[in-house]
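> Chain order of the listed sequences is A and B. Under the numbering used here, the first residue of the first sequence is numbered 1196, with each subsequent residue one higher. Under the numbering used here, the first residue of the second sequence is numbered 1196, with each subsequent residue one higher. We put the beta carbon where it would ideally sit given N, CA and C, even for glycine.
Protein chains: 2
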Amino acid sequence: MAHWEVLLRSRAIETQCYVVAAAQFGKHNSKRVSYGHSMVIDPWGAVIAQCSDGVDVCFAEINLNMIKKIRDEMPIMRHRRPDLYGFLQSYNKGNIDDTYHYQFGQHSIGCGQVFYKTALSFAFVNIKPVLPAILHFLELQTYVLVSSLRPAKRFSDLTSAEVADLSLCVQRVCRAVEAHFKGTSLTIAVQDGPDSGQTVEHVHFHILPRKPADIPNNDDVYRELATHDQDIQAINRRSEEEMNREAAELRHYFL
Amino acid sequence: MAHWEVLLRSRAIETQCYVVAAAQFGKHNSKRVSYGHSMVIDPWGAVIAQCSDGVDVCFAEINLNMIKKIRDEMPIMRHRRPDLYGFLQSYNKGNIDDTYHYQFGQHSIGCGQVFYKTALSFAFVNIKPVLPAILHFLELQTYVLVSSLRPAKRFSDLTSAEVADLSLCVQRVCRAVEAHFKGTSLTIAVQDGPDSGQTVEHVHFHILPRKPADIPNNDDVYRELATHDQDIQAINRRSEEEMNREAAELRHYFL
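#1: For ARG1433 of chain B, which three-state DSSP category applies?
#2: Taking ILE1208 of chain B as the reference, which of B:ASP1237, B:GLU1357, B:GLN1219, B:ASP1390 has the closest Cα?
#3: Am I right that LEU1340 of chain B and SER1316 of chain B are in contact with their C-beta atoms under 8 Å? What's the rounded C-beta distance?
#4: Give a yes or no on whether the minimum CB-CB distance between LEU1381 of chain B and chain A is below 7 Å.
#5: Measure from the C-beta of ASP1390 of chain B to each C-beta in chain A and report whether the shortest distance is under 7 Å.
#6: What are the start and end residues of the beta strand (DSSP E) that includes MET1234 of chain A?
#7: What residues of chain B sit near CYS1369 of chain A, judged by a beta carbon separation below 8 Å?
#8: TRP1239 of chain B touches chain A at which residues, Cβ-Cβ below 9 Å?
#9: Using a Cβ-Cβ cut-off of 7 Å (strictly less than) and excluding sequence neighbours within five positions of GLU1137 of chain B, which residues of its own chain qualify?
#10: Out of curiosity, what's the CA-to-CA distance linking PHE1220 of chain A and SER1229 of chain A?
#11: Would you kindly check if the distance between the Cβ of CYS1369 of chain B and the Cβ of SER1342 of chain A is under 7 Å?
#12: Verify the CB distance criterion: does LEU1344 of chain B have a CB-CB separation below 7 Å to chain A?
#13: What does ARG1405 of chain A touch in chain B if you count any residue whose Cβ is under 7 Å from its own?
#14: Report the option in B:HIS1302, B:TYR1297, B:GLN1301 whose CA atom is closest to the CA atom of ALA1318 of chain B.
#15: Using the DSSP secondary-structure output, state which residues sit across from GLN1386 of chain A in a beta bridge.
#16: Label LEU1203 of chain A either buried or exposed according to how many other C-beta atoms from any shown protein chain fall within 10 Å of its C-beta, with 16 as the threshold for buried.
#17: Considering only residues of the same chain and omitting the five flanking positions on each side of MET1269 of chain B, which have a CB-CB separation below 7 Å?
#18: Taking C-alpha atoms, which residue in A:LYS1222, A:GLY1231, A:ASN1224, A:ILE1243 lies nearest to VAL1214 of chain A?
#19: Listing by chain order, which chain B residues have their CB less than 8 Å from the CB of GLN1308 of chain A?
#20: What are the complete beta strand (DSSP E) segments, minimum 3 residues, inside the stretch 1205 to 1264 of chain A?
#21: To which residues does DSSP link MET1342 of chain B through a beta bridge?
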């Protein structure tokens, strides 16, 4: 009982939620006894209903206006410090806004190209596939990009929360892309700054699924990645329909 | 007063620490009044000393054995779930164990080569510099590696906590390396799996500082990175003294 009430009241205060806590009672075994006292706590931390130690029922009224009022007067969610205490990961199931265009440096990425989105990052298919000419496996003809939602130029411009979110997004996209394109390895690369070949001024990871001996000269893959930025407006662009179809397939891995 | 006591008691219970909380009292301005009640709380959540609402002093005895007993009986720290709730970042100031050899796939990395270490990752200088032959700037002759402490083979083998820690480590190392080698950009690359050129079976980021027109043909940089793994045992190896000197310089960026 000592911890039960104080911890529940803290949870209600900190989350600014009603807390409805169901408890067991009685002797479970030689080592475990529990004490009942199921309770309902309002967002200010007050116990507004409580059961006794036994079979019992209690009732409380939930006041939605109170939640709103408390959150307005004390905006706790805005006080979070993910830079110090880490980032609460959201396993976002890809709620991609279908009317939105995503900013990618100076470019606009249609939502149809985007196949995964987290709190701070998004993943999209690429307008330019890797040229089939350098590939032994024709079906391996694409790579994907993962970027921060905020158009930060350099990797060092990202906040800690963005770095953590982006890299976890990259990991999930790696798994999906390797499975989807039946790869056995991945090339992951960031061109960070103009003198590394970056021309789209927006942090992005290139993720390219690889297969045994897919590229006769392994270096050629980097030539492809390095020239991507330069000629994003050039020929060899894929059609919007083609990109949207590929993105739709990749979305299945995040459902 | 409503939140003061319950939140402090929760902090004591959850952290299994004594909490000594100093409070103000009185009317500060037209909008702010505080209520005193400085208090001391034991690790079980009991208020063991408390001031009144006014100028006051209270005393409590700290029992270190009680802390140990409670932590032994209820090992809360082992119940953390960084996979769900994110990873508490530690801004580790590089407590590199000077007797330790770090595992890097099949290789052993001497502690002298390691210049930064976080809870789950480590950064070290490379035994093979980028060949000066391809560089315009002779002083730009090295790149560094950042790896997980646990010898996971693939990026997807890392836990969420390891991914977050590794990428934050990469970001800090990027800043240090760019500053130290007076770069203007960075090439960041991971060869993830054997068919991407990876032969050291241990996830690692290559970080190479770049300068304007440092490499006539930008692709050559990837040839260097791609061949690093293959001939780690070959010639062009730097001496241990040389590596240790470079690592010692880089450590300054993390003090």
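This is what the structure holds:
#1: coil
#2: B:ASP1237
#3: LEU1340 of chain B to SER1316 of chain B, Cβ: 11 Å. No contact.
#4: yes
#5: yes
#6: 1234 to 1236
#7: PHE1350, SER1351, ASP1387
#8: ALA1197, HIS1198
#9: Limits of chain B in this structure are 1196 at one end and 1450 at the other, which puts residue 1137 of chain B out of reach.
#10: 5 Å
#11: no
#12: no
#13: GLY1388, ASP1390, SER1391
#14: B:TYR1297
#15: B:THR1382
#16: buried
#17: none
#18: A:ILE1243
#19: Residues of chain B passing the Cβ test: none, with the nearest at roughly 23 Å.
#20: 1214 to 1216, 1220 to 1222, 1228 to 1230, 1234 to 1236, 1242 to 1245
#21: Correcting the residue identity first, residue 1342 of chain B is Ser in this sequence and not Met. Per DSSP, B:PHE1317, B:HIS1399.
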